[in-house]
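S.K.:
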Amino acid sequence: PTLETLAAADILRSGIPDLKIRVVNVVDLMILQSNSEHPHGFADDRFDALFTKAKPVIFAYHGYPYLIHRLTYRRANHDNMHVHGFREEGTTTTPFDMVVLNQLDRYHLALAAIARVPGLAERAKDLAAALHGKLAEHKAYVREHGEDMPEIQKWSWPQDGATRAGD
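Using the numbering used here, you'd call the opening residue of the sequence shown number 3 and step up by one each time.
Below you can see the structure in the form of structure tokens.
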């Protein structure tokens with residue numbers, strides 16, 4: 003789900019330029035546990051520096067969401083962790099349609115951020131409506147053409163999209 007996470011961040015940065023976004027790519031899931039529980043685990047201060055103590059976290063995971071919840075259960079910000087993961091949805095379809103069916107796509111991830119950042123839902127209602135429209139457009143396109151929309155197939159991180167750490 004890394005590509006979809008980056009695409010969601012791109013959508014949010016373009017649509018809500020003043021929104022602060024941080025993308026954290028977790029390669030070793032054991033860092034989510036405390037260092038007292040696993041040798042790879044992060045100490046609380048290190049974990050909090052990445053995931054904060056009180057901000058919403060939208061976590062996109064290619065497996066079952068309960069695993070992330072179990073690994074972060076004792077963390078200060080556990081209640082703000084919203085995990086999108088495998089939901090056993092889908093059949094023979096396109097790659098992007100499979101992530102849409104499991105709500106791991108850029109549109110659902112961006113909508114989750116809009117819904118969970120305090121005060122953002124009202125401010126970003128036009129963007130949210132546009133994202134729902136893109137989901138409907140995707141569904142119709144896949145049904146008619148049997149492949150993902152060209153804008154999905156060809157998406158790449160924008161050249162001017164990279165920012166300094168801490169921005």
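Cβ atoms here follow ideal geometry from the backbone N, Cα and C, with glycine treated the same way.
Less than 7 Å between the beta carbons of Leu133 and Leu113, yes or no?
M.R.: Along the sequence shown, one-based indexing puts residue 133 at 131. Along the sequence shown, one-based indexing puts residue 113 at 111. Using a Cβ distance threshold of 7 Å, Leu133 and Leu113 count as a contacting pair.
S.K.: Report the three-state DSSP secondary structure of Val85 (helix, strand or coil).
M.R.: Looking up residue 85 in the sequence shown gives position 83. It is a strand residue.
S.K.: So Lys2 and Asn27 are supposed to be a Cβ contact under 8 Å. How far apart are they, rounded?
M.R.: Only positions 3 to 169 of the chain appear in this structure, which leaves residue 2 out of reach.
S.K.: How far does the beta strand (DSSP E) with Val59 in it extend, from its first residue to its last?
M.R.: As a position in the sequence shown, residue 59 is number 57, starting the count at 1. Segment 59-62, the beta strand (DSSP E) holding Val59.
S.K.: Output yes or no for whether 7 Å exceeds the beta carbon distance between Arg15 and Pro58.
M.R.: Indexing the sequence shown from 1 puts residue 15 at position 13. Indexing the sequence shown from 1 puts residue 58 at position 56. No, they are not a contact pair.
S.K.: With a threshold of 8 Å on Cβ separation, who are the neighbours of Ala142 within its own chain once the five nearest residues in sequence on each side are excluded?
M.R.: By 1-based counting over the sequence shown, the position of residue 142 is 140. None.
S.K.: Could you tell me the distance, in whole angstroms, from the CA atom of Ala51 to the CA atom of Arg24?
M.R.: Within the sequence shown, numbered from 1, the residue matching residue 51 stands at position 49. Within the sequence shown, numbered from 1, the residue matching residue 24 stands at position 22. So the alpha carbons of these two residues sit roughly 11 Å apart.
S.K.: Can you tell me which of the three DSSP states Ser16 falls into?
M.R.: Here residue 16 refers to the residue found at position 14 when the sequence shown is read from its first residue. In the structure shown, Ser16 sits in a helix (DSSP, three-state: H, G or I).
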